[in-house]
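Down below is the structure, laid out as structure tokens.
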Amino acid sequence: MVYLQLLIVVIAANGAPILGRLLMKNFWSDPLDLGTRFIDGRPLLGSSKTFRGVIFGVVTAGLFAEVVALPFEVGILVGALAMCGDLASSFVKRRFGLQSEAMALGLDQIPESVIPLIGVKSIFELSWRGIGLTVGAFLVLELLLSILLFKLHIRKHPY
Numbered sequence: 029m030v031y032l033q034l035l036i037v038v039i040a041a042n043g044a045p046i047l048g049r050l051l052m053k054n055f056w057s058d059p060l061d062l063g064t065r066f067i068d069g070r071p072l073l074g075s076s077k078t079f080r081g082v083i084f085g086v087v088t089a090g091l092f093a094e095v096v097a098l099p100f101e102v103g104i105l106v107g108a109l110a111m112c113g114d115l116a117s118s119f120v121k122r123r124f125g126l127q128s129e130a131m132a133l134g135l136d137q138i139p140e141s142v143i144p145l146i147g148v149k150s151i152f153e154l155s156w157r158g159i160g161l162t163v164g165a166f167l168v169l170e171l172l173l174s175i176l177l178f179k180l181h182i183r184k185h186p187y
């Protein structure tokens with residue numbers, strides 16, 4: 029049961045920045061990296077990683093944790109770690125020369141799901157097998173939800 033609860037919180041954390049963009053338009057839309065370039069001359073994270081997105085991701089995860097009967101604080105931790113995973117994948121994508129919002133199968137899903145699960149592994153005594161299965165479920169569900177949200181004109185891209 030706890031794997032399903034955590035999966036829901038991770039999905040909420042990762043979907044919340046899209047909701048934040050729709051609700052708040054340009055408010056808090058400044059890039060998190062403030063336009064900073066890394067030593068390779070490419071953006072540090074890219075324009076799609078915003079203060080608004082991180083805040084929405086963390087807070088939404090806390091709220092969804094309560095909905096699925098997990099402590100709010102656990103949701104905040106899961107949300108913060110999911111956002112760290114998302115930012116890490118963006119950093120790596122920029123190093124590979126991929127633009128913001130470009131598709132990188134696996135790299136777009138694995139860090140933002142595995143990092144939070146490892147972060148709460150000891151709290152819930154999660155197994156490595158369970159973590160792996162939950163990450164796999166997140167990868168599949170995230171891809172399917174992205175297509176649906178694109179068809180509903182909520183996402184800019186179908187991935």
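Sequential numbering from 29 applies to the sequence shown in my numbering.
All C-beta atoms, glycine included, are put in the ideal place defined by N, C-alpha and C.
It should be emphasised that the depicted structure is a prediction, and the values quoted were computed from it without experimental measurement.
Bridge partners - residue i, DSSP secondary structure assignment
i: R65; result: P71
i: T78; result: P59
Nonlocal neighbours in the same chain, by C-beta distance under 6 Å from residue i, ignoring five residues either side
i: Q33; result: V96 and L98
i: I159; result: L145
i: A44; result: F84, G85 and T88
i: S128; result: G74, S75 and S76
i: L177; result: R183
C-beta contact flag for residue i and residue j at 8 Å
i: I39; j: L135; result: no
i: S141; j: K77; result: no
i: N42; j: G85; result: yes
i: R122; j: L60; result: no
i: I83; j: R183; result: no
i: G81; j: G48; result: yes
i: L62; j: F166; result: no
Close beta carbons around residue i, own chain, < 8 Å, minus the five adjacent residues each side
i: M131; result: H185 and Y187
i: I143; result: L109, A110, C112, G113 and A116
i: K149; result: I159
i: V163; result: Q137, I138, S141, V142 and L145
i: L50; result: I182
i: K179; result: P186
i: S174; result: R183, H185, P186 and Y187
Own chain, CB closer than 7 Å to residue i, minus 5 neighbours either side, in chain order
i: D68; result: R123
i: F100; result: G90, A93 and E94
i: V120; result: L135
i: G126; result: What sits at residue 126 in the sequence shown is Leu, not Gly. Closer than 7 Å at Cβ, skipping near neighbours: A132.
i: V30; result: F152
i: S57; result: T78 and R80
i: R65; result: P71 and L72
Residue nearest to residue i in terms of C-alpha spacing, selected from the options
i: I138; options: L161, G74 and R80; result: L161
i: G147; options: L176, F55 and G103; result: G103
i: L105; options: V37, L176, S174 and L177; result: V37
i: K53; options: R70, R65 and F79; result: F79
* To do: Quick one: which unbroken alpha helix (DSSP H) runs of 4-plus residues sit fully inside the stretch 90-137? Chain order, please.
  => 100-123
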